[in-house]
Structure formats: C-alpha cells, structure tokens
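Visitor: Handing you this structure, nothing more for now.
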Amino acid sequence: MAARHATTVQTTPDTSDVPAWLEAVTFNADGLVPAIAQDAASGQVLMVAWMNAAALSETVATRQAVYFSRSRRTLWRKGESSGHRQRVQSIRLDCDGDVLLLSVEQIGGIACHTGRAHCFFRELDDSGNWREVAPVLRSPEAIYGSAVGGRNSGSDSADTDVSADVAVAGNKLRNSIDE
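If you read the sequence shown in the working numbering, its first letter stands for residue 248, the second for the next number, and so on.
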C-alpha cells in the first residue's frame with residue numbers, strides 16, 4: 248500500500264524572511280506606500296512618489312531612492328535616465344505607519360521631470376488660479392533628450408534617429424507625468 252503524503256497549501260505569505268522594520272510599514276491594498284522626498288539640507292519637499300516593499304528594500308540597501316512606477320508597474324530608480332539621483336540620508340515612518348519621509352541629497356539639484364528643483368511649483372493665488380512660482384532650471388528636452396540619444400545609431404537615416412529619440416523622450420516624459 249502506497250503511503251499518502253499530505254500536501255500543505257500556504258494561504259498566507261511567508262513573512263519569516265521579512266525584516267521587522269519592513270513589517271512596521273502599512274502598505275495600501277495595491278501593496279504601495281506614499282514616499283515624500285525632502286531635501287536634507289533645506290527641508291524643501293521635493294516630490295511625492297510610491298514605493299512597494301521591493302523599492303523600499305532596495306532603497307535601504309543602496310541608499311539611493313527607488314520608487315515604484317504605477318504606470319509601468321515596475322521599479323523606478325530615481326535619476327536613472329536623467330542623472331538626477333537622490334542619495335538617501337534617512338528614512339522616517341509616520342505615526343500611522345502608512346507614509347514614508349525620505350531625507351535626500353538631490354544630485355544635480357533637479358527633482359521634477361519638468362526640470363525644476365521640486366514638483367511643487369504651482370501655487371494657488373487669491374484669484375483661484377494656479378501660477379508657476381519656481382523656474383525651470385533645465386528644459387526636459389535637454390535632460391531627457393541627451394539621456395536617450397544614440398539609441399538608433401545603426402540606422403541609415405539621421406531623421407529616423409532624431410524621430411526615434413524624440414519618441415523615446417516623449418514616452419519618458421509621459422511616464423514621468425503619470426507618476
């Protein structure tokens with residue numbers, strides 16, 4: 248008579264390898280937590296993005312800001328295409344455990360995909376209109392155009408190269424806007 252082997256079905260995720268500090272973070276139903284990036288020197292709020300457990304773990308391990316792109320459904324290493332990385336000085340968790348505050352050194356002085364120092368460049372005036380109150384430090388075309396140049400260097404047509412680079416840069420800008 249053959250022996251019967253019991254099969255155990257795991258209904259809850261295995262948390263034995265999850266560090267205690269990560270267990271303290273309350274992720275939303277999508278597995279994400281908002282992360283506020285703040286300039287370590289000035290205290291200026293630079294941007295707000297999202298992190299999943301993998302992004303937060305990589306950020307802790309590398310001390311470079313890594314976020315989760317909701318539009319692309321993948322990790323987004325801040326500054327990977329622009330060069331404007333964020334070196335993480337400290338990470339704080341709010342009282343409810345559901346918001347992170349990253350104190351960062353913003354490499355290159357630009358945190359926003361629009362070429363500004365921070366993403367909060369529009370202010371509501373007394374007339375109920377949004378007005379831009381922070382200058383563009385470098386045009387998005389200059390930032391992302393140079394980062395994607397030369398992708399099609401093997402093609403026969405310079406026009407094709409330029410069109411492809413513009414399309415790639417446009418996609419990068421649209422993805423950043425979707426963040």
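For each residue, glycine too, the CB sits at the ideal point set by N, CA and C.
Could you give the uninterrupted runs of the beta strand (DSSP E) lying entirely in the segment 308-343, keeping only those of 3 residues or more?
Guide: Segments of the beta strand (DSSP E) lying fully in the segment 308-343: 313-316, 321-324 and 333-340.
Visitor: Give the straight-line distance between the Cα atoms of R344 and W268, rounded to the nearest whole angstrom.
Guide: The question names Arg, but residue 344 is Gly in the sequence shown. Each residue's alpha carbon lies about 11 Å from the other.
Visitor: Quick one: using the 10 Å Cβ neighbour count with 16 as the cut-off for buried, is S374 buried or exposed?
Guide: Exposed, since its Cβ has fewer than 16 Cβ neighbours within 10 Å.
Visitor: DSSP three-state call for A284: helix, strand or coil?
Guide: Here A284 sits in strand by DSSP.
Visitor: Can you tell which of I390, A381 and P387 has its C-alpha closest to the C-alpha of Q291?
Guide: Among I390, A381 and P387, the Cα nearest to that of Q291 is on A381.
Visitor: To the nearest angstrom, how far is it from the Cα of R363 to the Cα of R385?
Guide: For R363 and R385, the distance between alpha carbons rounds to 7 Å.
Visitor: Mapping DSSP to helix, strand and coil, what is S402?
Guide: Caution is warranted here: a pLDDT of 31 is assigned to S402, below 50, making its placement in the model unreliable, and no coordinate value can be reported.
Visitor: Using the rule of at least 16 other Cβ atoms within 10 Å of the residue's Cβ for burial, across every protein chain shown, is A308 buried or exposed?
Guide: Counting Cβ neighbours within 10 Å, A308 comes out exposed, since fewer than 16 surround it.
Visitor: How should S328 be labelled, buried or exposed, when 16 other C-beta atoms within 10 angstroms of its C-beta is the threshold for buried?
Guide: Buried, because 16 or more other Cβ atoms sit within 10 Å of the Cβ of S328.
Visitor: Measure the beta-carbon distance from I354 to R334 and round it to whole angstroms, keeping in mind my assumption that it falls under 8 Å.
Guide: Correct: roughly 6 Å between the Cβ atoms.
Visitor: By Cβ distance, which residues of its chain are closer than 7 Å to A301, with the 5 residues on each side in sequence left out?
Guide: The residues are L322.
Visitor: For L348, which beta-bridge partners are listed by DSSP?
Guide: According to DSSP, which records beta bridges pairwise, L348 is partnered with I283 and R339.
Visitor: Per DSSP, what kind of secondary structure is L384 in: helix, strand or coil?
Guide: In the structure shown, L384 sits in coil (DSSP, three-state: anything other than H, G, I, E or B).
Visitor: Thinking C-beta only, is L371 closer than 8 Å to V280?
Guide: In this structure, L371 does not lie closer than 8 Å to V280 by Cβ.
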